[in-house]
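In order, the protein sequence lines correspond to chains A and B. Per UniProt numbering, numbering through the first sequence is continuous, rising by one, with the last residue being 394. Per UniProt numbering, numbering through the second sequence is continuous, rising by one, with the last residue being 394. For glycine and all other residues, C-beta sits at the position ideal for the given N, C-alpha and C.
There are 2 protein chains.
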Amino acid sequence: MKHIPEHLQTLVGQAVKRIDTPALVIDLDAMDRNIERMARFAQQHGVLWRPHAKLHKSAHIAHLLEHAGACGHCVQKVSEAEALAQGGISNIFISNEVISQTKLARVAALARALNAQGGRLALAVDCEEGITRLARALQDAQAGDAAMDVLVEINVGQNRCGAEPGEAALGLAQAIAAQPTLRFAGLQAYHGGAQHLRSAEERKTAIEQVLKLVNRTRHEFDRAGLAIPLITGAGTGTMVNEAASGIYGEIQPGSFLFMDADYAANQRDPAQPLFEHALYVKTQVMSLSGDHAVCDAGHKAHAIDSGLPKLHALAPENALRFANGGDEHGVLHPDADAGNHSGWLPALGESLWLIPGHCDPTVNLHDHLIGVRGGRLKGVVERIFTVDGRGALT
Amino acid sequence: MKHIPEHLQTLVGQAVKRIDTPALVIDLDAMDRNIERMARFAQQHGVLWRPHAKLHKSAHIAHLLEHAGACGHCVQKVSEAEALAQGGISNIFISNEVISQTKLARVAALARALNAQGGRLALAVDCEEGITRLARALQDAQAGDAAMDVLVEINVGQNRCGAEPGEAALGLAQAIAAQPTLRFAGLQAYHGGAQHLRSAEERKTAIEQVLKLVNRTRHEFDRAGLAIPLITGAGTGTMVNEAASGIYGEIQPGSFLFMDADYAANQRDPAQPLFEHALYVKTQVMSLSGDHAVCDAGHKAHAIDSGLPKLHALAPENALRFANGGDEHGVLHPDADAGNHSGWLPALGESLWLIPGHCDPTVNLHDHLIGVRGGRLKGVVERIFTVDGRGALT
Numbered sequence: 001m002k003h004i005p006e007h008l009q010t011l012v013g014q015a016v017k018r019i020d021t022p023a024l025v026i027d028l029d030a031m032d033r034n035i036e037r038m039a040r041f042a043q044q045h046g047v048l049w050r051p052h053a054k055l056h057k058s059a060h061i062a063h064l065l066e067h068a069g070a071c072g073h074c075v076q077k078v079s080e081a082e083a084l085a086q087g088g089i090s091n092i093f094i095s096n097e098v099i100s101q102t103k104l105a106r107v108a109a110l111a112r113a114l115n116a117q118g119g120r121l122a123l124a125v126d127c128e129e130g131i132t133r134l135a136r137a138l139q140d141a142q143a144g145d146a147a148m149d150v151l152v153e154i155n156v157g158q159n160r161c162g163a164e165p166g167e168a169a170l171g172l173a174q175a176i177a178a179q180p181t182l183r184f185a186g187l188q189a190y191h192g193g194a195q196h197l198r199s200a201e202e203r204k205t206a207i208e209q210v211l212k213l214v215n216r217t218r219h220e221f222d223r224a225g226l227a228i229p230l231i232t233g234a235g236t237g238t239m240v241n242e243a244a245s246g247i248y249g250e251i252q253p254g255s256f257l258f259m260d261a262d263y264a265a266n267q268r269d270p271a272q273p274l275f276e277h278a279l280y281v282k283t284q285v286m287s288l289s290g291d292h293a294v295c296d297a298g299h300k301a302h303a304i305d306s307g308l309p310k311l312h313a314l315a316p317e318n319a320l321r322f323a324n325g326g327d328e329h330g331v332l333h334p335d336a337d338a339g340n341h342s343g344w345l346p347a348l349g350e351s352l353w354l355i356p357g358h359c360d361p362t363v364n365l366h367d368h369l370i371g372v373r374g375g376r377l378k379g380v381v382e383r384i385f386t387v388d389g390r391g392a393l394t
Numbered sequence: 001m002k003h004i005p006e007h008l009q010t011l012v013g014q015a016v017k018r019i020d021t022p023a024l025v026i027d028l029d030a031m032d033r034n035i036e037r038m039a040r041f042a043q044q045h046g047v048l049w050r051p052h053a054k055l056h057k058s059a060h061i062a063h064l065l066e067h068a069g070a071c072g073h074c075v076q077k078v079s080e081a082e083a084l085a086q087g088g089i090s091n092i093f094i095s096n097e098v099i100s101q102t103k104l105a106r107v108a109a110l111a112r113a114l115n116a117q118g119g120r121l122a123l124a125v126d127c128e129e130g131i132t133r134l135a136r137a138l139q140d141a142q143a144g145d146a147a148m149d150v151l152v153e154i155n156v157g158q159n160r161c162g163a164e165p166g167e168a169a170l171g172l173a174q175a176i177a178a179q180p181t182l183r184f185a186g187l188q189a190y191h192g193g194a195q196h197l198r199s200a201e202e203r204k205t206a207i208e209q210v211l212k213l214v215n216r217t218r219h220e221f222d223r224a225g226l227a228i229p230l231i232t233g234a235g236t237g238t239m240v241n242e243a244a245s246g247i248y249g250e251i252q253p254g255s256f257l258f259m260d261a262d263y264a265a266n267q268r269d270p271a272q273p274l275f276e277h278a279l280y281v282k283t284q285v286m287s288l289s290g291d292h293a294v295c296d297a298g299h300k301a302h303a304i305d306s307g308l309p310k311l312h313a314l315a316p317e318n319a320l321r322f323a324n325g326g327d328e329h330g331v332l333h334p335d336a337d338a339g340n341h342s343g344w345l346p347a348l349g350e351s352l353w354l355i356p357g358h359c360d361p362t363v364n365l366h367d368h369l370i371g372v373r374g375g376r377l378k379g380v381v382e383r384i385f386t387v388d389g390r391g392a393l394t
């Protein structure tokens, strides 16, 4: 795991107000509640949960999740898998395709290392070439028979990666089964776009379509007499539907852990546990003019791909609107629509808390997550987490 | 400076095709020409140039620029200044306000350390409180008399930070001059928004407005008998105007070094040197379907605040449109409008080169920049640069 510099290490035990800005802060009480609710949800629905570590990229947090019952972790990149493995996580699914031979050699080496510890590495594929190249890499690494689990990703509506459902997917599963170094481990069926449909009804409808495609594929496998050991997928937005389907054996939500402004904009499905915001950018006012304040967090401190951050929990008379101030600044205007009729602005040096629009790429901008207990105002710093997979792109 | 891992170090001397993806690659031939043209431009106009290191965040690159004649460097954050100083850069201007006492203690320590080496640290201020706090921090650090240069930032149209031009700015300069630990070093007058006005005429008009505000301020200083040692500002988009003004003694362009898709969309002023794209995200195709290809670079590999990346230099019949595929993917569609009538798609594993929409936050996503010489297709890796200030937010 990555190094924690001394100025952060000495924060542990200190009051929250001592955290310099901008900083990415976890409300540990809220995160713990989110974890507990997810564990209960999975248990009630009889599904495994394999959280997506592309969110937090931290081996420490992965251990907390596994301690609460997670069966392992998903990642998107080989280097994320390596970072988690180095932190002691041993059951990892790269829920994405890998084609580059350089990376496949790393995949093979990691599979061999995890197998030797009694762990397991899995990879998604969506074409024959991917299977052949992976099998060759495992052979070259002398990784042994059935050295890796391979899942066939099917395109269930995202229209990004994934083989066509049905016959094409069956062909790939058969190609996997024919390779001595590989084990066909199931189907990856995830619809990313459906996570952010705003109404619970729209998300349900989208997942009904997904289930049709998955069932069509199951039918082909049945006819061919090939068993599908597992169907896995689902994110925080739609998981109530996949979990209730009776078809998915595993769900892969990541964002439930921290939530973000984008997920908060979804209408909550009544069946969904109440997940709370647990990740904040702490920022402070560094400049004041007559009609606006400027804070020290810009889009080098939070990702803006899913919209600008929202200000957390100001009283209506103190409501502020966050406007993009570029890479290093945020511009704050009094929000009259929300009740700030006096033009109130925070003072120079005053702390503010931002809820990121999208947590995953926000975490990726930071090297550390500062965990606080007892609330953002009166709490203390309990621990520092390293973002082990920060910048893990390959 | 940061560590270069072995797998990158061994790339030096290897062919470009050996660079795994996604990776941030500098075309060193193009970068060198950009530096040479900037040095010549500054010399011809009799202005100092102090490039903005918030772009490249690399002490190695800062040394290359100073070797070519840059008088020092700008940064936006204290931690960026610390990262450059650790890499041997000793004349640094934090062209931004610092209010937090924790950070001001670091500013004072750095000023003291740089003074001891014969270097110099400068800071921008836009309010009395900032001046008082800074002076106190320098006193606490026993940094000595005139330990730091302080510039008054004036708001010349960006409407973000900055004191009002004229009397208010004069008042701040007098407050600086009254502090024994500080030296009034000039005015910071930068209009960020003007850099991206598309026509050369619009940018010229915007800077004419800036010059009016600067001149009004100079007039106040003249009346008070206080000399302004330096007026500094300007970015890559408008620098021809500030350099020709006879008022600016120093310009602060950063993006000229790499250029990006956003700056390339500006109509070039005839007086502007021809700056070339020198920074690329190398990516490769990792999935193919009937109507699109998917590459392995999403918005964790390039910033999208100023638009999606553009694909570099494909023949019209091979033109592709880059669509947002989320954090880890880019989706490539045949671009019929640009001449790809056959629906051509690149092959699995094929490399593609992306021109980022905005270089500064793109560099901040990466730990290393891979410098290649001899072109992107047939060149070799010459050196690896560490992004020393990556994630330097405080």
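Contact annotation, Gly254(B) with Leu55(B): C-beta distance approximately 4 Å; criterion of less than 8 Å satisfied.
Contact between the stretch 22 to 30 of chain B and the stretch 257 to 277 of chain B is present: 3 or more CB-CB pairs across the two stretches fall below 8 Å.
Taking C-beta atoms under 8 Å as the contact rule, Ala185(B) and Val150(B) qualify, at a distance of about 6 Å. Selection Glu250(A), Arg216(A), Arg203(A) and Leu24(A) evaluated against Arg50(A) yields Glu250(A) as nearest (Cα-Cα).
Out of Asp327(A), Glu242(A) and Ile89(A), the CA that lies nearest to the CA of Cys295(A) is found in Asp327(A).
Identification of chain A residues near Arg160(B) by a Cβ-Cβ cut-off of 9 Å yields Ser287, Ser289, His292, Val294, Gly325, Gly326, His329 and Val331, ordered along the chain. Between Asp145(B) and Thr181(B), the gap from beta carbon to beta carbon is short of 8 Å. Counting only Cβ-Cβ distances below 7 Å, Glu129(B) has contacts in chain A at Leu348, in chain order.
Contact between Ala124(B) and Ser95(B) holds: CB atoms are separated by about 5 Å, below the 8 Å threshold. CA-to-CA, the gap between Leu230(B) and Tyr248(B) works out to about 7 Å. Contact of Thr10(B) with chain A by beta-carbon distance below 7 Å is absent, the smallest such distance being about 12 Å. Residues Gly235, Thr236, Gly237 and Thr238 of the same chain have their beta carbon placed closer than 7 Å to that of Gln195(B), with the five preceding and five following residues left out of the count. Between the alpha carbons of Gln101(A) and Leu354(A) lies a gap of roughly 41 Å. Lys57(A) is classed as buried because its beta carbon has at least 16 other beta carbons within 10 Å across all chains shown. Taking all protein chains shown into account, Glu153(B) has 16 or more neighbouring C-beta atoms within 10 Å of its C-beta and is therefore buried. In the displayed model, Gln284(B) falls within a strand according to three-state DSSP. In this structure, the straight-line span from the alpha carbon of Val210(B) to that of Gly166(B) is close to 12 Å. Cβ-Cβ distances below 6 Å link Gly343(B) to Pro334 in the same chain, with the five nearest sequence neighbours on each side left out; the list follows chain order. For Lys378(B), no Cβ of chain A is located within less than 8 Å of the residue's own Cβ. At a cut-off of 8 Å, the C-beta of Glu208(A) has no neighbouring C-beta in chain B. Comparing alpha-carbon positions, the option among Ala224(A), Phe93(A) and Gln284(A) lying closest to Gly171(A) turns out to be Ala224(A). Under DSSP, Glu250(A) shares a beta bridge with Leu48(A) and Thr232(A). If you check each beta-carbon in the stretch 354 to 368 of chain B against every beta-carbon of chain A, the ones closer than 7 Å belong to Asp360, Pro361, Asn364, Leu365, His366 and Asp367.
The beta carbon of Asp20(B) sits closer than 8 Å to some beta carbon of chain A. The criterion of a C-beta distance shorter than 8 Å is satisfied by Asn34(A) and Phe256(A). Of all residues in the stretch 86 to 100 of chain A, the ones placed with a Cβ closer than 8 Å to any Cβ belonging to chain B are Asn96, Glu97, Val98, Ile99 and Ser100, in chain order.
Contact with chain B is absent for Asp260(A), since none of that chain's Cβ atoms lies less than 8 Å from the residue's Cβ. Interface with chain A (8 Å Cβ-Cβ cutoff): Leu393(B) is included. In the three-state reduction of the DSSP assignment, Thr386(B) falls in the strand class, which pools E and B. For Ala15(A), no alpha helix (DSSP H) segment is defined, and its DSSP state is neither H nor E. Assigned with DSSP and collapsed to three states, Gln139(A) falls in helix. Counting the other CB atoms within 10 Å of its CB gives Leu332(A) a total of 16 or more, which places it among the buried residues. In terms of Cβ geometry, Val16(A) and Leu393(A) do not form a close pair [threshold 8 Å].
Nearest to Ala244(A) by C-alpha distance, out of Asp269(A), Phe221(A) and Val156(A), is Asp269(A). Of all alpha-carbon atoms in Thr10(B), Ala23(B) and Ala313(B), the one lying nearest the alpha-carbon of Val387(B) is that of Ala23(B).
DSSP, read as helix, strand or coil, puts Ala227(A) in coil.
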